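A.B. asks: Residue numbers (the working numbering), protein chains in the order written: chain P, 6 to 119; chain D, 171 to 283.
Each residue gets a CB set at the ideal place from its N, CA and C atoms; glycine is no exception.
These numbers come from a predicted model, not from an experiment.
Once you've had a glance at the structure underneath, I'll fire off some questions.
Now the structure itself:
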């Protein structure tokens, strides 16, 4: 069965520091891959997505993610974190065949220290 | 302009009551979804409609009944509410079946007391 794992439940970084949020998936082929961000009391906002091609994808708010097929990973990165980046981050995969049903990871809560 | 709007934002009700949540999108998308987010932030799909046709119906108690009067609207009616129904319910929409990403509403926090 398909699954998505976000190993870090909580991450705390200082403002201005770099950030990497991990995401691993289990699927027989390469799925479509997404990162979403959820600010407190808000819905989820799409940060970036990967379908095929260049394995390094750029998103909004200065985020990027790298797809590594050999590691079944799609980690999210940001070179310099801002206090406004504090939020919950979700990785999601969509199988490329059949009904496109999102499978979300359990989320990583990011705390940013001033 | 709000792209995906849900009403109400908060809903507090007693066990056994029946309640509805409404969702509307003005993006011209043809697919809409209901997701449930539990207290641990886990998101699980409940239903999906494509052009008013039900295409995803997960293992959800039949007390939950979605209804899509047109492709811009997807409502969720819940009968005989139980304590375990307390959660945040998100509506989302997409073009096609979501391969370009979803647009989410801001959620409805349902509390059953």
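(1) Check residue 14 of chain P in the structure and name its three-state DSSP category.
(2) Taking a contact to mean a Cβ-Cβ separation below 8 Å, would you say residue 205 of chain D touches residue 51 of chain P in this structure?
(3) If residue 257 of chain D sits next to residue 188 of chain D, beta carbons under 8 Å apart, how far is it from one beta carbon to the other, in whole angstroms?
(4) Mark residue 90 of chain P as exposed unless 16 or more other C-beta atoms lie within 10 angstroms of its C-beta, in which case mark it buried.
(5) Compare the beta carbon distance of residue 18 of chain P and residue 98 of chain P with 8 Å and say whether it is the shorter of the two.
(6) For residue 76 of chain P, I'd like the list of residues in its chain whose CB is within less than 8 Å of its CB, leaving aside the five on either flank, ordered along the chain.
(7) Against chain P, does residue 271 of chain D count as a neighbour if the rule is that its beta carbon must be under 8 Å from one of theirs?
(8) By DSSP, does residue 76 of chain P sit in helix, in strand, or in coil?
(9) Could you tell me which chain D residues have their CB closer than 8 Å to the CB of residue 111 of chain P, listed as they occur along the chain?
(10) Would residue 191 of chain D pass as an interface residue toward chain P - the criterion being a Cβ-Cβ separation below 8 Å?
(11) Check the Cβ-Cβ distances between residue 274 of chain D and every residue of chain P, and say whether any is below 8 Å.
(12) Once the 5 residues before and after residue 22 of chain P are set aside, which same chain residues still bring their CB inside 8 Å of it?
(13) Beta carbon of residue 191 of chain D, beta carbon of residue 281 of chain D: below 8 Å?
(14) What are the partner residues of residue 50 of chain P, as DSSP defines its beta bridges?
(15) Is the separation between the beta-carbon of residue 238 of chain D and that of residue 202 of chain D shorter than 8 Å?
C.D. replies: Looking at the coordinates:
(1) Working through the first chain from its first residue, we reach residue 14 of chain P at position 9. Residue 14 of chain P falls in the coil class under three-state DSSP.
(2) Numbered from its first residue, the second chain carries residue 205 of chain D at position 35. Numbered from its first residue, the first chain carries residue 51 of chain P at position 46. For the 8 Å CB-CB criterion, residue 205 of chain D and residue 51 of chain P do not form a contact.
(3) Here residue 257 of chain D corresponds to residue number 87 of the second chain, with the count starting at 1. Here residue 188 of chain D corresponds to residue number 18 of the second chain, with the count starting at 1. Contact doesn't hold; Cβ gap of about 17 Å is too wide.
(4) Residue mapping note: residue 90 of chain P aligns to position 85 of the first chain, counting from 1. Answer is buried; the Cβ neighbour count reaches 16.
(5) In the first chain, residue 18 of chain P corresponds to position 13, counting from 1. In the first chain, residue 98 of chain P corresponds to position 93, counting from 1. Cβ distance not < 8 Å, so residue 18 of chain P and residue 98 of chain P don't count as in contact.
(6) Taking the first residue of the first chain as 1, we reach residue 76 of chain P at position 71. For residue 76 of chain P, the CB contacts under 8 Å within the same chain, skipping 5 residues up- and downstream, are 29 in chain order.
(7) By 1-based counting over the second chain, the position of residue 271 of chain D is 101. Yes, its Cβ sits closer than 8 Å to a Cβ of chain P.
(8) Sequence index remark: in the first chain, residue 76 of chain P carries index 71 (1-based). In this structure, residue 76 of chain P counts as helix in the three-state DSSP scheme.
(9) Taking the first residue of the first chain as position 1, residue 111 of chain P is located at position 106. What residue 111 of chain P touches in chain D: 210, 211, 212.
(10) Residue numbering aside, residue 191 of chain D sits at position 21 when the second chain is read from its first letter. Chain P contact via Cβ: absent.
(11) Here residue 274 of chain D corresponds to residue number 104 of the second chain, with the count starting at 1. Interface flag for residue 274 of chain D against chain P is set, since a Cβ pair is found closer than 8 Å.
(12) Stepping through the first chain from its first residue, residue 22 of chain P is reached at position 17. Closer than 8 Å at Cβ, skipping near neighbours: 85, 86.
(13) Taking the second chain and counting its residues from 1, one reaches residue 191 of chain D at position 21. Taking the second chain and counting its residues from 1, one reaches residue 281 of chain D at position 111. Cβ distance not < 8 Å, so residue 191 of chain D and residue 281 of chain D don't count as in contact.
(14) Stepping through the first chain from its first residue, residue 50 of chain P is reached at position 45. Paired residue(s): P:42.
(15) Start at 1 with the first residue of the second chain, and residue 238 of chain D comes out as number 68. Start at 1 with the first residue of the second chain, and residue 202 of chain D comes out as number 32. Yes. Within cutoff.
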